[in-house]
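**Student:**
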Amino acid sequence: MQQMFNTLRDRVAAGARAVLCSIIASSGSTPRGAGAKMAVFDDGSTVGTIGGGAVEFRATEIAQGFLCGEEAGQYHFDLSNHDKTDLGMVCGGKVTVYFQPMGSESLPLLDAVCARLAAGGKAWLLTRLDAPAMGLYEDGELKFLSLEGPVEPLLGPQSVLTPTVYSEPLTIPGTVYVFGGGHVAQALVPLLHTVHFRTVIYDSRPHAVEAPAFAQAAKIYIGNYNRVLERVTITEEDYVVVMTPGHQSDREILAQVLKTPARYIGCIGSRSKIAMTNKLLREQGFTDTDIARVWSPIGLPIGGETPEEVALSIAAQLVAVRSGKM
1 MQQMFNTLRD
11 RVAAGARAVL
21 CSIIASSGST
31 PRGAGAKMAV
41 FDDGSTVGTI
51 GGGAVEFRAT
61 EIAQGFLCGE
71 EAGQYHFDLS
81 NHDKTDLGMV
91 CGGKVTVYFQ
101 PMGSESLPLL
111 DAVCARLAAG
121 GKAWLLTRLD
131 APAMGLYEDG
141 ELKFLSLEGP
151 VEPLLGPQSV
161 LTPTVYSEPL
171 TIPGTVYVFG
181 GGHVAQALVP
191 LLHTVHFRTV
201 IYDSRPHAVE
211 APAFAQAAKI
221 YIGNYNRVLE
231 RVTITEEDYV
241 VVMTPGHQSD
251 REILAQVLKT
261 PARYIGCIGS
271 RSKIAMTNKL
281 LREQGFTDTD
291 IARVWSPIGL
301 PIGGETPEEV
311 ALSIAAQLVA
321 VRSGKM
């Protein structure tokens with residue numbers, strides 16, 4: 001999402017016109033659900049995706065009409081073998097795509113959206129379906145758009161569609177705090193970025209956080225491991241991945257983050273290390289219920305051993321937790 005909006009903003013700023021194609025409703029079996037987006041530019045190029053295949057191809061064609069002066073509007077696709085548009089897809093579902101033209105007049109909104117995506121924090125995109133207008137709700141204020149009635153009922157964790165307004169979360173709540181910048185972390189952070197997790201790196205070694213793999217991290221902290229909560233605030237929406245260079249520092253981190261409401265806590269290590277860590281945590285007063293919060297061994301059991309394979313298993317587990325599958 002961030003990359004798509006950055007590209008959209010940069011190209012519009014350079015003088016291009018575009019149409020933002022957004023899935024605002026879907027039912028049954030479809031390639032992508034509500035919130036999927038693709039921008040179509042006046043030179044025919046695109047960025048982002050609404051699921052690929054014939055729907056995306058047809059949406060790209062339809063967008064050309066909006067580039068030629070049509071106001072915003074929506075189009076319904078029926079992905080059955082009786083589809084009158086002859087899409088050639090038999091998924092069995094239905095998709096509604098909203099087409100929003102964008103040019104230089106949209107730059108203030110696009111700048112604000114890109115800034116919010118970079119900073120994190122809660123925000124929502126709102127689109128008026130009865131007028132070609134889109135707005136951003138952040139920090140308790142609706143910007144670039146006027147609506148009648150209260151906004152709060154539109155600000156849920158999932159998209160909301162009414163006859164006149166479509167609202168969707170712009171940002172995915174929660175930050176992944178990665179403690180330790182070793183080989184697995186260097187493989188993990190870019191992977192988490194591709195699946196839209198915001199990441200923060202924390203390491204005691206200045207040279208470790210200089211790895212090019214951490215260029216996509218939202219923040220990088222360098223400091224001792226024994227007082228990390230003085231530097232970061234971990235909420236009930238956040239995730240913690242512990243993989244420092246040593247067992248002692250792992251235990252120091254766990255003893256602190258177990259006192260937070262973190263949604264997920266995972267710690268890398270062998271079963272013998274885990275057993276010793278749990279023993280020492282109990283000696284510090286942590287209960288079995290406390291210790292059971294820690295996913296260890298970390299990641300899904302896919303059988304991988306390389307840093308890249310371990311990172312893949314961790315990323316998959318985090319996606320499963322985020323989606324409510326675990």
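Quick note on UniProt numbering: the sequence shown kicks off at 1 and runs consecutively. Using N, Cα and C, we set each Cβ at its ideal position, and we do this for glycine too.
#1: Under 7 Å between the Cβ atoms of Gly180 and Thr96?
#2: Does the beta-carbon of Lys37 have 16 or more other beta-carbons within 10 angstroms, so that it is buried, or is it exposed?
#3: Which residues in the same chain have their Cβ closer than 8 Å to the Cβ of Ala320, if we skip the five residues on either side of it in sequence?
#4: Rank Glu61, Val240, Val12, Val165 by C-alpha distance to the C-alpha of Ile24 and give the top, closest one.
#5: So, at 6 Å on beta carbons, what are the nonlocal neighbours of Phe66 in its own chain, with the 5 sequence-adjacent residues on each side left out?
#6: I think Leu188 touches Ala311, with their Cβ atoms under 8 Å apart; what is that distance to the nearest whole Å?
#7: Quick one, are the C-beta atoms of Leu170 and Ala118 less than 7 Å apart?
#8: May I ask you to report which of helix, strand or coil DSSP gives Glu71?
#9: With DSSP as the reference, label Asp139 as helix, strand or coil.
#10: My output table needs one value for Phe144: the three-state DSSP class, helix, strand or coil.
#11: Go through its chain and collect everything with a Cβ distance to Glu226's Cβ below 6 Å, but skip five positions before and after it.
#12: Determine, using beta-carbon pairs with one atom in the stretch 289-303 and one in the stretch 255-270, whether at least three such pairs fall under 8 Å.
#13: Look up Asp203 in the DSSP assignment and give the residues it is bridged to.
**Tutor:** On the basis of the data shown:
#1: Start at 1 with the first residue of the sequence shown, and residue 180 comes out as number 180. Start at 1 with the first residue of the sequence shown, and residue 96 comes out as number 96. No; because the gap between Cβ atoms is not below 7 Å, this pair is not in contact.
#2: Locating residue 37 in the sequence shown gives position 37, counting from the first residue. Result: buried.
#3: Taking the sequence shown and counting its residues from 1, the one referred to as residue 320 is at position 320. Only Leu300, Met326 meet the Cβ criterion.
#4: Here residue 24 refers to the residue found at position 24 when the sequence shown is read from its first residue. The option with the nearest alpha carbon to Ile24 is Val165.
#5: Counting from 1 along the sequence shown, the entry for residue 66 is found at position 66. Cβ within range, chain order: Val19, Phe99, Pro101.
#6: As a position in the sequence shown, residue 188 is number 188, starting the count at 1. As a position in the sequence shown, residue 311 is number 311, starting the count at 1. Contact holds; Cβ gap of about 4 Å.
#7: The count along the sequence shown starts at 1 and reaches residue 170 at position 170. The count along the sequence shown starts at 1 and reaches residue 118 at position 118. Against a cut-off of 7 Å, the Cβ pair of Ala118 and Leu170 comes out as no contact.
#8: As a first step, residue 71 is located in the sequence shown; it is residue number 71 there, counting from the start. In this structure, Glu71 counts as coil in the three-state DSSP scheme.
#9: Residue numbering aside, residue 139 sits at position 139 when the sequence shown is read from its first letter. Asp139: coil per DSSP, three-state reduction.
#10: Translated into positions along the sequence shown, residue 144 becomes position 144. In this structure, Phe144 counts as coil in the three-state DSSP scheme.
#11: Along the sequence shown, one-based indexing puts residue 226 at 226. Note that residue 226 is Asn in the sequence shown here, rather than Glu. Counting only Cβ-Cβ distances below 6 Å, and skipping sequence neighbours, we find Glu252.
#12: yes
#13: By one-based count along the sequence shown, residue 203 stands at place 203. Ile222.
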